[in-house]
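Asks: Under my numbering, the first residue of the sequence shown is numbered 27, with each subsequent residue one higher.
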Amino acid sequence: MYSFNSRIRYSELNHQKGELDAYAIINYFQDCSTFQSEDLNRGLSYLQEHNRVWLLNSWQLEIRKPAHLGENITIGTWAYDFKGFYGYRNFIMKDSQDNPLAVANSIWVYLDTVTGKPVKVPYDTSYPIEPAYPMEYANRKISIPDALVKNPQITIVNSNIDSYNHVNNGQYIKMAQEFIPDSFSVRSMRAEYRRQAVMGDAILPMTFTSDNCITVVLADADEKPYAIVEFQGESI
């Protein structure tokens, strides 16, 4: 497992609940996989030189225990499989006593940036393969509920964009979290990415809410999804 240590900052907290939310946790996980790639010389420069990019297909996050201001944490990641043009990666966040705060599964697609098409992951991958984390793995595809409520559009701005000139996957989660009421405690999250939004695009958020689930579809004006985010939890 590749890992790094950190400490939870005030700027990372959900200020309604005073703890890390799904967006903040995902940011830690993204940083961890980026650090590993850079340390293995398979980071941004390598990918750009070879006209390649890893695009995220889906997240599955389980929040085991709330994380609060000042806590010392360890963030870890490892690849557990490569199949065709897919890469499979686990993540974990632990407290100072080595207890899991959050765990995640992620599925990535290896893409040729010239053709825009997926390509097979090379056999000589530098990422060591380790056993998959023992968790209940959900389907990477999320069903869209029928009774969706349309909300005001969101225009993509510069702060939503990453180095590949499209909306960073974490930004979709941040947008979706705006529709979680303060009375709802998130226990798990899934995100499925279907298309890439870019600067100036208009996002139409459509939502469905039940007692234990909030689904947010982030779509274009024709209601074709860019991303679907599902939060599971309970009212408190």
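Just so you know, even glycine gets a beta-carbon here, dropped at the ideal spot from N, CA and C. The structure displayed is predicted, hence computed values, not measured ones.
For Ile182, which option in Asn191, Asn31 and Val175 has the closest C-alpha, if you only look at C-alpha atoms?
Replies: The candidate whose alpha carbon is nearest that of Ile182 is Asn191.
Asks: Determine, for Ile254, whether the minimum Cβ-Cβ distance to residues of chain B falls below 9 Å.
Replies: Among the protein chains of the structure shown there is no chain B, as only one such chain exists.
Asks: Is the separation between the beta-carbon of Met215 and that of Glu156 shorter than 9 Å?
Replies: For Met215 and Glu156, no; Cβs fall outside 9 Å.
Asks: Considering Asp65, what are the terminal residues of the alpha helix (DSSP H) in which it resides?
Replies: First-last of the alpha helix (DSSP H) with Asp65: Ala48 to Asp65.
Asks: Leaving out five residues before and five after Ser63 in sequence, what residues of the same chain have Cβ atoms less than 7 Å from its Cβ?
Replies: Counting only Cβ-Cβ distances below 7 Å, and skipping sequence neighbours, we find Gly69.
Asks: Where DSSP assigns a beta bridge to Gly259, which residues make up the other side?
Replies: According to DSSP, Gly259 bridges with Val212.
Asks: Return the residue from the list Met27, Ala202 and Asn116 that minimises the CA-CA distance to Ala245.
Replies: Nearest of Met27, Ala202 and Asn116 to Ala245, Cα basis: Ala202.
Asks: Among Thr103, Gln222 and Glu249, which has the Cα closest to the Cα of Asn177?
Replies: For Asn177, the nearest C-alpha among the options comes from Glu249.
Asks: Mark Thr233 as exposed unless 16 or more other C-beta atoms lie within 10 angstroms of its C-beta, in which case mark it buried.
Replies: Label assigned to Thr233: buried.
Asks: Hey, out of Val224, Leu81, Asp65 and Ile262, whose CA is closest to Gly142's CA?
Replies: The candidate whose alpha carbon is nearest that of Gly142 is Leu81.
Asks: Return helix, strand or coil for Ser84, following the three-state DSSP convention.
Replies: Three-state result, Ser84: strand.
Asks: So what's Pro202 in DSSP terms, helix, strand or just coil?
Replies: What sits at residue 202 in the sequence shown is Ala, not Pro. It is helical.
Asks: Taking C-beta to C-beta, are Thr103 and Ser29 nearer than 9 Å?
Replies: Contact flag set, yes.
Asks: In chain order, what residues of the same chain have a beta carbon less than 6 Å from the beta carbon of Leu137, not counting five sequence neighbours either side?
Replies: Closer than 6 Å at the Cβ level, and outside the excluded window around Leu137, lie Val79, Leu81 and Pro144.
Asks: So, are the CB atoms of Glu88 and Ala50 less than 9 Å apart?
Replies: No, Cβ-Cβ distance for Glu88 and Ala50 is not below 9 Å.
Asks: Within 10 angstroms of the Cβ of Val140, are there 16 or more other Cβ atoms? Answer buried if so, exposed if not.
Replies: Label assigned to Val140: exposed.
Asks: Taking His94 and Glu38 to be in contact with their CB atoms under 8 Å, please state how far apart those CB atoms are, rounded to whole angstroms.
Replies: Their Cβ separation, rounded to whole angstroms, is 10 Å, which puts His94 and Glu38 out of contact at 8 Å.
Asks: According to DSSP, which residues form a beta bridge with Thr100?
Replies: Thr100 pairs with Asn31 and Lys120.
Asks: Secondary structure at Gly142, three-state DSSP: helix, strand or coil?
Replies: Coil, per DSSP.
Asks: Sorted by chain position, which residues of the same chain lie with C-beta nearer than 7 Å to Asn83's C-beta, five sequence neighbours on each side aside?
Replies: Only Ile133, Trp134, Val135, Arg166 and Tyr219 meet the Cβ criterion.
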